[in-house]
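Peer 1:
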Amino acid sequence: MDCGHLGDDGVPPRKLRLHEYDHHKGYDAVNHLEVECVCIPCHVDRERQRRQEKQYHKYVSPAK
Ligand SMILES: [Zn+2]
């Protein structure tokens, strides 16, 4: 797994931690193969971080 979280999450019932594909370069067709396998908490973090970065860039460079 790309996020390094292997195995279960330590909470009974000890199921395997769910992982899913994170489209870390975006959901454009050209990036459909650019995915990383991360667990859901990490995926949520990544999405939140990307949203913040996008807002930040919009803030520092409003004209385009
Ligand atoms: Zn993870």
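Just so it is clear: in the sequence shown, position 27 is 26 by numbering that gives the first Met the number 0, and no numbers are missing. Every residue, glycine too, gets a C-beta built ideally from N, C-alpha and C.
1) Does the beta-carbon of V37, which I'm using as the reference point, lie nearer than 7 Å to any heavy atom of ligand 3?
2) By DSSP, does C38 sit in helix, in strand, or in coil?
3) DSSP three-state label for E19, please.
4) Please go through the same chain and pick out, in chain order, the residues whose beta-carbon is closer than 7 Å to the beta-carbon of D21, but skip the five residues on each side of it.
5) Can you find a heavy atom of ligand 1 that lies under 7 Å from the Cβ of H31?
Peer 2: On the basis of the supplied data:
1) Among the ligands modelled here, namely ligand 1, ligand 3 does not occur.
2) Correct three-state label for C38: strand.
3) DSSP, read as helix, strand or coil, puts E19 in strand.
4) Within the same chain, and ignoring the five residues on either side of D21 in sequence, the residues whose Cβ sits closer than 7 Å to its Cβ are V34, E35, V37, H42, R45.
5) It does not: the Cβ of H31 is nowhere closer than 7 Å to a heavy atom of ligand 1.
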